[in-house]
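Enquirer: Supplied in structure tokens, the structure appears directly below.
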Amino acid sequence: MKRIVIAGATGLIGKQLVVALAGQEGVEPHILVRRKPECVPTGVIVHEAAASDWPIEVAAIKPVVAISCLGTTMRTAGSKAAFRAVDFDLVAEFASAAKAAGARHMIAVSSVGASDKASNFYLKTKGEAEAAMAHMGFDRVDFLRPGLLTGGERSESRPGESVAIMLAPLTDLLMVGGLSRYRSIPALAVAQAIAHLALAGGHGKHIHENDAIRALAG
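Quick note on numbering: the sequence shown equals residues 0 to 217 in numbering that gives the first Met the number 0.
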């Protein structure tokens, strides 16, 4: 039985990932949450704890695979420092705890355009988180870099994204060639791709943008 621990399980992608993993044979999904969700699929083990205590929970789980669906927005965070506390600090702390507990495979949701050399603060933070995880010594790391996420139920209001989602059918048509990686993509497809990757073997660092994510999702 492959033990999998997920951080960010109550977000847009995380919720759909939990459902996908709950239906797979041979896996034992564990989720780290600050508050227990109202509805949890059968077979999913919930660990309710403050984020500061997640390393203790992860150590007890002893996962083989760790998955981060953590992430916030500048608008929700309210400041660059608060944003970085989630999208870099919390992500890196979770990954480090998973590695210390014996995890061999790390999977994380990042963003299209992520780079530790980016001038944009959001993309630079995402890129730095990727770089930190890539150097932790996992056998395999997978970073998913989707474009604008569509579908599903968001846990918070994001007016700017709502407008972008409404316009996506039109703007997607304009994104051809190298720009196709910026097209919108269903959050469900990202969740399904992660569920597929969680069962993968092998080694190395793997980057998955829109086309690869869709292919993995089937």
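Don't be surprised by glycine CBs; every beta carbon is placed ideally from N, CA and C. No experiment lies behind these values; they were computed from the predicted model shown.
Which ranges would you report for the beta strand (DSSP E) in the region 46 to 98 if only whole runs of at least 3 residues count?
Expert: 64 to 67
Enquirer: Based on DSSP bridge pairs, tell me the residues matched to L143.
Expert: Taking the sequence shown and counting its residues from 1, one reaches residue 143 at position 144. For L143, which the question treats as bridged, DSSP gives the partners V108, H207.
Enquirer: Using a threshold of 8 Å, state whether the C-beta atoms of V63 and K1 are closer than that.
Expert: Position 64 of the sequence shown, counted from the first residue, corresponds to residue 63. Position 2 of the sequence shown, counted from the first residue, corresponds to residue 1. Yes, these two residues count as a Cβ contact at 8 Å.
Enquirer: Within the same chain, show all residues whose beta-carbon is closer than 6 Å to that of A197, passing over the 5 residues directly before and after it, in chain order.
Expert: Translated into positions along the sequence shown, residue 197 becomes position 198. Result list for A197: I3, V64, in chain order.
Enquirer: Starting from the C-beta of L89, find all residues in its chain whose C-beta is less than 7 Å away, skip the five residues before and the five after it, and write them out in chain order.
Expert: Here residue 89 refers to the residue found at position 90 when the sequence shown is read from its first residue. Sequence-distant Cβ neighbours of L89 in its own chain, meaning closer than 7 Å and more than five residues away, are A50, L69.
Enquirer: Across which residues does DSSP place I44 in a beta bridge pair?
Expert: In the sequence shown, counting from the first residue as 1, residue 44 sits at position 45. DSSP output for I44 lists H29 as bridge partner(s).
Enquirer: Does D52 pass the burial test, meaning 16 or more other C-beta atoms within 10 Å, or should it be called exposed?
Expert: Working through the sequence shown from its first residue, we reach residue 52 at position 53. That one is exposed.
Enquirer: For S78, count neighbouring C-beta atoms within 10 Å of its own C-beta (all shown protein chains included) and say buried if the count is 16 or more, exposed if not.
Expert: Within the sequence shown, residue 78 is the residue found at index 79, counting from 1. Exposed: under 16 other Cβ atoms inside 10 Å.
Enquirer: Give every residue of the same chain whose Cβ lies closer than 6 Å to the Cβ of K61, excluding the five residues on either side of it in the sequence, and list them in chain order.
Expert: Position 62 of the sequence shown holds residue 61. Around K61: A100, G101.
Enquirer: By the 10 Å Cβ neighbour count, where 16 or more other Cβ atoms means buried, how is A192 classified, buried or exposed?
Expert: Here residue 192 is taken as the residue at index 193 of the sequence shown, counted from 1. The residue in question, A192, is buried, as its Cβ has 16 or more Cβ neighbours within 10 Å.
Enquirer: Using beta-carbon positions only, say whether F87 and A128 come within less than 8 Å of one another.
Expert: Within the sequence shown, residue 87 is the residue found at index 88, counting from 1. Within the sequence shown, residue 128 is the residue found at index 129, counting from 1. Yes, the Cβ-Cβ distance between F87 and A128 is below 8 Å.
Enquirer: Look up K125 in the DSSP assignment and say whether it is helix, strand or coil.
Expert: On the sequence shown, residue 125 is found 126 positions in, with the first residue counted as 1. K125: helix per DSSP, three-state reduction.
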